[in-house]
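Residue numbers (my numbering): 363 to 552.
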């Protein structure tokens, strides 16, 4: 079920919207191919492509979208391929978007910083391990996240997150309270 605006959208609605946007894009592509000199057809194609990209990003931030991305990454033959890296990027951006939406909803409802942190933590755990809302605890997020292929691992201090990030070959880790990037670890830096 979708949250009220500015909250997150549910998987079912995002997939329907994505499918509709892809159908509109296909129609616009056919029209633009039939009339390559028609500026209006080219503009409709551009708008349809932009809308499809926005709907894909919304789907990527949904629990089902996150699950599909993790499955595609796990099924890849070459984990270092460029297309797999793009999937990882979409996974991370989707997760951060979802957390931002949950925080915005808590703020819109007049919640405190603890409420925002609680909503963000629940969102990350829901994306990582889909479960009924009753099964998600109410503990607020504290510490740092390292985004791995299997999901976000939480650490209570920055040095532990940095060590885990380096050990996993992951270049960044995130503050659990803000969802913001804490550090980018460069090659050779430990």
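C-beta: ideal position from N, C-alpha, C; glycine also.
Quick caveat: nothing in here was measured; it's all calculated off a predicted structure.
The residue among 454, 480, 442 and 382 with its C-alpha nearest the C-alpha of residue 423 is 454. Across the structure, residue 475 and residue 400 are spaced so that their CA atoms are roughly 52 angstroms apart. Here DSSP, grouped into helix, strand and coil, assigns residue 515 to strand.
DSSP places residue 445 inside the alpha helix (DSSP H), whose first and last residues are 444-470. For residue 419, the enclosing alpha helix (DSSP H) stretches over residues 401-422.
Residue 371 carries a coil assignment under DSSP once its states are collapsed to helix, strand and coil. By the C-beta density criterion, residue 486 is buried, having at least 16 other C-beta atoms within 10 angstroms. Beta-carbon to beta-carbon, residue 420 and residue 379 are separated by about 7 angstroms, close enough to satisfy the 8 angstroms threshold. When the alpha-carbon of residue 425 is set against those of 371, 522 and 515, the nearest one is in 371.
Look at residue 434 here: in three-state DSSP terms it is helix. Relative to residue 403, the option among 410, 393, 412 and 365 whose CA is nearest is 393. Straight through space, the alpha carbons of residue 384 and residue 441 are spaced by roughly 27 angstroms.
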